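In our numbering, the protein residues as written are 99 to 356. Where a beta carbon is used, it is the ideal one built from N, C-alpha and C, also for glycine. It should be emphasised that the depicted structure is a prediction, and the values quoted were computed from it without experimental measurement.
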């Protein structure tokens, strides 16, 4: 298949999987001077940036000094992970019973910032809005059945499983960090903050994938589509004779000409 442009890939994924919101691209910058636009002059969270991109098609930039969510910034390497997170103190009483559980909880939240500050700026936009350069990571919000098909598209050629985030903490930002640094797709369970500030719906999961894998996913989707005819929604099997209550069941006398 010829190289696919971003608009074509986004359109095909949206059409075939019937996604409710747009596909989002994310790019991290080591120097904020390289950001393609200036950040807002008020503080926001990364989940708000992604929400604006997927719901409204808006692009935005962010820097750590103009962010509220410290764990989101740590997950994406915009700051060094603060001690209150690495020690397990931050989630104490909110998510975990004691500091040791909190330490393990946070250790299981993927954070680029555990290795120190790596980036100084983030740019978020609809994936097709990246016209001058490619995003690092693509983020898709989808329901479980749609994510199932995305998983199938990932493993079509390899059979390898897709990792899932199971602690549900800073899942959007943690998934972005994982996809960026590990160069693998990941499924995330949106955190309370994403639901509060990003408008994430109760039936949505986060699917993040390195941009370099997006074309392969689309090509695999087309191959699967040829075999299935339809990937989503999964059609119910209805080639059988049902049983109904007697009063509503066709009787021999119902077929007689009166």
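Exercise. Is it buried or exposed for residue 218, if we count other Cβ within 10 angstroms and need 16 for buried?
Worked result: buried
For this session: Please list, in chain order, all residues of the same chain as residue 220 whose beta carbon is under 6 Å from its beta carbon, the five residues on each side excluded.
Result: Same-chain partners within the cutoff: 126 and 160.
For this session: Answer yes or no: do residue 278 and residue 292 have a C-beta to C-beta separation smaller than 8 Å?
Result: no
For this session: Check residue 358 in the structure and name its three-state DSSP category.
Result: Shown here, the chain extends from 99 to 356; a query on residue 358 therefore has no answer.
Exercise. Terminal residues of the continuous alpha helix (DSSP H) containing residue 303?
Worked result: Premise fails: residue 303 lies in the beta strand (DSSP E), 303 to 308, not in any alpha helix (DSSP H).
Problem set entry | For residue 147 and residue 314, the rounded distance between their alpha carbons | A direct Cα-to-Cα measurement between residue 314 and residue 147 gives close to 26 Å.
Exercise. Less than 8 Å separating the beta-carbons of residue 312 and residue 285?
Worked result: no
Exercise. What first and last residue would you give for the alpha helix (DSSP H) that runs through residue 104?
Worked result: 104 to 115
For this session: Given a cut-off of 8 Å, decide if residue 170 and residue 210 are closer than it, judged by their beta-carbon atoms.
Result: no
Exercise. Mind checking whether residue 309 and residue 243 have CB atoms under 8 Å apart?
Worked result: no
Problem set entry | Environment of residue 335 [buried if 16+ CB atoms lie within 10 Å] | exposed
Exercise. Going straight from the alpha carbon of residue 119 to that of residue 245, what length do you get?
Worked result: Distance between the alpha carbons of residue 119 and residue 245 is about 14 Å.
Exercise. Can you give the Cα-Cα distance for residue 355 and residue 348, rounded to whole angstroms?
Worked result: 14 Å
For this session: Answer with buried or exposed for residue 298, where buried requires no fewer than 16 other C-beta atoms within 10 angstroms of its C-beta.
Result: buried
Exercise. Distance, Cα to Cα, residue 112 vs residue 131?
Worked result: 33 Å
Exercise. Which runs of the beta strand (DSSP E) spanning at least 3 residues fall entirely within the stretch 177 to 232, listed in chain order?
Worked result: 219 to 224
Exercise. Among all the DSSP beta bridges, which residues are the ones paired with residue 165?
Worked result: 142
Problem set entry | Every unbroken beta strand (DSSP E) inside the stretch 233 to 309 [3 residues or more] | 235 to 240, 284 to 286 and 303 to 308
Exercise. Is residue 283 closer than 8 Å to residue 123 when the C-beta atoms are compared?
Worked result: no
For this session: Using 10 angstroms around the beta-carbon of residue 332, count the other beta-carbons present and answer buried if the total reaches 16, otherwise exposed.
Result: Looking at its Cβ environment, which holds fewer than 16 other Cβ atoms inside 10 Å, residue 332 is exposed.
For this session: Determine the burial state of residue 135: buried for a count of at least 16 other Cβ atoms within 10 Å of its Cβ, exposed for fewer.
Result: Exposed, because fewer than 16 other Cβ atoms sit within 10 Å of the Cβ of residue 135.
Problem set entry | Candidates 168, 230, 321 and 249, of which the one nearest residue 238 by Cα | 249
Problem set entry | contact_flag[the stretch 152 to 166, the stretch 248 to 264] where n(CB pairs < 8 Å) is 3 or more | no
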